[in-house]
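*Asks:*
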Amino acid sequence: MLKFRVALPLLKYAPSTQNSRVKALRVGSDEDPKAVSMDKAMDREDQNSVIEAAYRQIFFYAFKVDRDRNLESQLRNGQISVRDFIRALCLSDTFNRSFYNLNSNYRVVRHLVEKLLGRQVYGKAEEIAWSAVIMTRGIQGAIDDILDSQEYLENFGYDTVPYHRNRVVGSRDLGETPFNITTPRYEAYYRGVLGFPQIIYTGTARSLPDRARQRRGGYPEDYLPWVRTLPASRNPGNSGGSANIDYLAKVPYRSIGR
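First residue of the sequence shown? That's 913 in our numbering, and the numbers climb one at a time after it.
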């Protein structure tokens, strides 16, 4: 008996607020997102910047084993576009092994929308819509639809690396939190299993020079043996301590006439 999986069309969803329909209107500043595009790369160093930006956008950090030298070579030679490079990273074994297989469809949808479209999802309705695509057509079908969507092409085209749009929000001192913080690679359950967060210091520990260990006098620890040899002074007539002293009577008195 053959089983067929019917591909459902993308369900309709609306932006969570009306502000999502309006483009940001603000004066450009140094805090605006910087577009990294291959068509503006003039030399190999610029091409490396584009490739690094693509890795950071999808993986946040790419180890040596996560890199695909063949894809990088094709991108440098103009055989594939930046959009094709992004598609290959999302369909790579690294993405499937370290993210897709460890998270629910809803979380995968949030990650793809944030990384590929540069914005947060429009509420639960969009999560359900793209989750239905993953359920019927798999992760590749969802990635293809997002990269082929009009929203992606209008904002990033074929040669621009996706970035976090509208990082700086008008009339607000603090902009949107970066996606790598709001949506980390591992969920809380897997972070606990893997023992994250881990603090690993990779630098060189600095040691104090020998002259800093030399005692030059003035240390209270040097006088402790001498203090222990002193006889303990006790006053048997004042067993109550300082609790019975009339401090007000000992305050000097000055009359007004003097």
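Built from N, CA and C at the ideal position, the CB exists for glycine as well.
Being a predicted model, the structure only gives us computed values, none of them experimental.
(1) When you compare each of Val994, Ser1016, Asp958, Glu957 to Pro1172 by their alpha carbons, which one comes out closest?
(2) Does the distance from the C-beta atom of Glu1039 to that of Val1033 stay below 8 Å?
(3) By how many angstroms is the C-alpha of Arg999 removed from the C-alpha of Arg988?
(4) Where does the unbroken alpha helix (DSSP H) through Asp1005 begin, and where does it stop?
(5) Determine the DSSP secondary structure at Thr1116, reduced to helix, strand or coil.
(6) Comparing C-alpha positions only, which one of Ser1004, Gly1050, Thr1006, Asn960 sits nearest to Val1021?
(7) Quick one: what's got a C-beta closer than 8 Å to Val1025's C-beta in the same chain, skipping five residues either side?
(8) What is the DSSP secondary structure of Ser985, reduced to helix, strand or coil?
(9) With a Cβ-Cβ cutoff of 8 Å, do Phe971 and Asp978 count as a contact?
(10) Please list, in chain order, all residues of the same chain as Asn960 whose beta carbon is under 7 Å from its beta carbon, the five residues on each side excluded.
(11) On the DSSP bridge assignment, give the partners of Thr1072 in chain order.
*Replies:* According to the structure shown:
(1) Lying outside 913 to 1170, the shown extent of the chain, residue 1172 is not represented and no answer is given.
(2) yes
(3) 16 Å
(4) 1005 to 1010
(5) coil
(6) Gly1050
(7) Arg1031, Gln1032, Val1033, Glu1038, Trp1042, Ile1058
(8) helix
(9) yes
(10) none
(11) Ser949
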